[in-house]
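Per the working numbering, the very first residue in the sequence shown carries number 10; after that it's consecutive.
Cβ atoms here follow ideal geometry from the backbone N, Cα and C, with glycine treated the same way.
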Amino acid sequence: MSRPQFLPQFQPQFPGQAPFSAMARTKTIATALTNGGFTLVELLVVVTITTIMLLAISSFFLAIVVSNNRSVFEQRLKNDGDRALIQMMQHLRNARSISSTCTTGLTSLSFVGVDNLTTTLTASSGKIASISSITNPTTTFYLTSDFSQLSPANTITFDCYTGENDQKYLEISFTLKHGTDAANAQNTLIRSFKTGQTLRN
């Protein structure tokens with residue numbers, strides 16, 4: 010019996026090119042993979058740059074949000090103080106008389122309103138209060154909200170001056186604060202308020 014004859018393995022050839030060996034093919038594939046993909050160092054660089062960009066964008070938007078919130082709180086604090094000033098000056102303009110002695114540095118001011126009842130403007134529980142004798146016991150109305158606190162605590166000043174013909178001029182001043190975080194000053198808002206009015210009575 011004759012020995013079987015095996016056909017030689019087919020190897021593609023190009024004109025002028027020698028046949029590929031198994032080692033040559035393996036080397037060619039490895040080279041193609043190396044040249045066509047990313048190395049570990051390149052991947053790390055891309056990930057690092059992407060992370061830095063995301064952190065920068067996040068910080069930027071966070072700063073915008075914080076700035077917007079601060080602006081809203083500042084406006085709210087201003088509105089709180091302005092509203093208290095308007096209410097106090099309106100009461101005093103319509104008052105029949107001022108019960109307190111006209112002098113400077115007063116921490117409270119009493120007056121008789123159009124209803125012939127005595128009302129006292131003062132500081133109470135960290136807020137500006139209007140204490141009326143309309144009921145017994147007296148009733149306290151707060152002119153500032155819980156959003157703000159007087160700073161220093163429970164401090165409001167009334168300065169009364171007497172001019173010609175005993176005409177009285179009254180100044181009201183106080184400072185409101187929002188926030189109590191001493192370790193983070195940027196979270197604390199402080200605003201001072203002051204106004205004056207010539208009284209008719």
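| query | result |
| --- | --- |
| Quick check on this structure: which residue in Leu159, Thr112 and Asn196 has the alpha carbon closest to the alpha carbon of Ser134? | Leu159 |
| Between the stretch 56 to 70 and the stretch 120 to 132, can you find at least three pairs of beta-carbon atoms closer than 8 Å? | no |
| How is Arg200 classed by DSSP in three states: helix, strand or coil? | strand |
| Could you name the residues of the same chain whose beta carbon sits closer than 6 Å to that of Tyr151, not counting the 5 residues immediately before and after it, in chain order? | Lys136 and Ala138 |
| Does the separation of the CB atoms of Thr129 and Ser119 fall below 7 Å? | yes |
| Taking Cβ to Cβ, would you say Gly188 is nearer than 7 Å to Thr197? | yes |
| Identify which residue in Ser109, Asp155 and Asn163 has its Cα closest to the Cα of Lys177. | Ser109 |
| According to DSSP, what are the bridge partners of His100? | Answer is none; His100 lacks a bridge partner. |
| Can you check which of these residues, Arg200, Leu53 and Glu180, is closest to Asp168 by C-alpha distance? | Glu180 |
| Report the rounded CA-to-CA distance for Thr164 versus Val54, giving the unit in angstroms. | 59 Å |
| Below 7 Å between beta carbons: does that hold for Ser182 and Thr171? | no |
| Tell me whether Asp91 is buried or exposed, calling it buried when 16 or more other Cβ atoms sit within 10 Å of its Cβ. | exposed |
| Could you give the distance in angstroms between the alpha-carbon of Leu86 and the alpha-carbon of Met98? | 19 Å |
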